[in-house]
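Below: one structure, written as structure tokens.
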Amino acid sequence: MAIVMPTSQILTGINSILFYAPVLFQSMGFGGDASLYSSALTGGVLACSTFISIATVDKLGRRVLLISGGIQMIICQVIVAIILGVKFGDNQELSKGYSILVVVVVCLFVVAFGWSWGPLGWTVPSEIFPLEIRSAGQSITVSVNLFFTFVIAQAFLALLCSFKFGIFLFFAGWITLMTIFVVLFLPETKGIPIEEMSFMWRKHWFWKSILPVNTSQ
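The numbering used here numbers the first residue of the sequence shown as 5 and each following residue consecutively.
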């Protein structure tokens with residue numbers, strides 16, 4: 005989990021969209037100023053959407069937010085890919101209406117990330133480790149996050165030039181995989197004290213077959 009959660013968080017494509025929003029929007033036909041305004045808008049939307057997670061995470065649980073956020077992000081990525089694939093030719097620019105629609109859908113993607121995988125990509129790893137290995141687990145989580153942030157940031161423009169609108173389907177595919185992973189393999193950590201995390205893993209249908217039996221119980 006120390007590897008899967010931070011890797012999945014970065015492979016949503018969020019950092020690429022935020023880092024290269026001006027380039028991305030300018031390639032869709034926005035002017036320079038409009039591209040900067042659009043990127044500032046996505047950053048502001050991300051900051052505001054985290055408050056949704058703060059208000060709901062202990063009521064709905066981590067799994068609900070991660071799964072529903074993942075589904076919303078998949079839908080948004082696919083919609084953007086379809087719009088760009090159908091309406092954005094090699095030597096054409098999107099019409100104003102479609103350009104605005106793309107910005108709106110990208111903002112909805114950012115909102116979904118902001119109340120799900122954004123904060124919970126850090127929250128869940130901080131909760132799932134027993135006290136004995138918590139420091140090591142968190143160190144791995146941060147290291148993996150920074151590593152994949154660097155890799156995706158360096159590769160994004162090359163991927164965008166190669167895949168074009170397919171880059172959004174690439175990220176949508178990863179989000180689909182990680183959402184399925186949450187459904188199958190991530191137990192709910194809501195309301196479970198850190199001292200009892202090891203018991204939670206031993207009750208899970210999959211992990212209980214891997215973890216050693218605690219003979220002290």
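Just so you know, even glycine gets a beta-carbon here, dropped at the ideal spot from N, CA and C.
Values in this document were obtained by computation on a predicted structure and should not be read as measured data.
Excluding its 5 nearest sequence neighbours in each direction, A176 has C-beta neighbours in its own chain below 6 Å: I78, Q81 and V82, listed in chain order. With a beta-carbon spacing of about 16 Å, A6 and T153 fall beyond the 8 Å limit used to define contacts. As for any alpha helix (DSSP H) of minimum length 4 sitting wholly inside the stretch 158-192, the runs are 170-189, ordered along the chain. By the Cβ neighbour-count rule, S20 is buried, with 16 or more other Cβ atoms within 10 Å of its own. Taken atom to atom, the span from the alpha-carbon of C52 to that of I58 is near 11 Å. Cβ contact annotation for T11 (same chain, cutoff 7 Å, sequence separation greater than five): V148 and F152, in chain order.
In the DSSP assignment, M5 falls outside any alpha helix (DSSP H), carrying neither H nor E. The straight-line gap separating the alpha-carbon atoms of E200 and P134 is approximately 8 Å.
For L69, the enclosing alpha helix (DSSP H) covers residues R66 to K91.
In this structure, L163 keeps its C-beta atom at 8 Å or more from the C-beta atom of F172.
Boundaries of the alpha helix (DSSP H) around F117: K100 to G118.
Per DSSP, T16 is not a residue of any alpha helix (DSSP H), being assigned neither H nor E.
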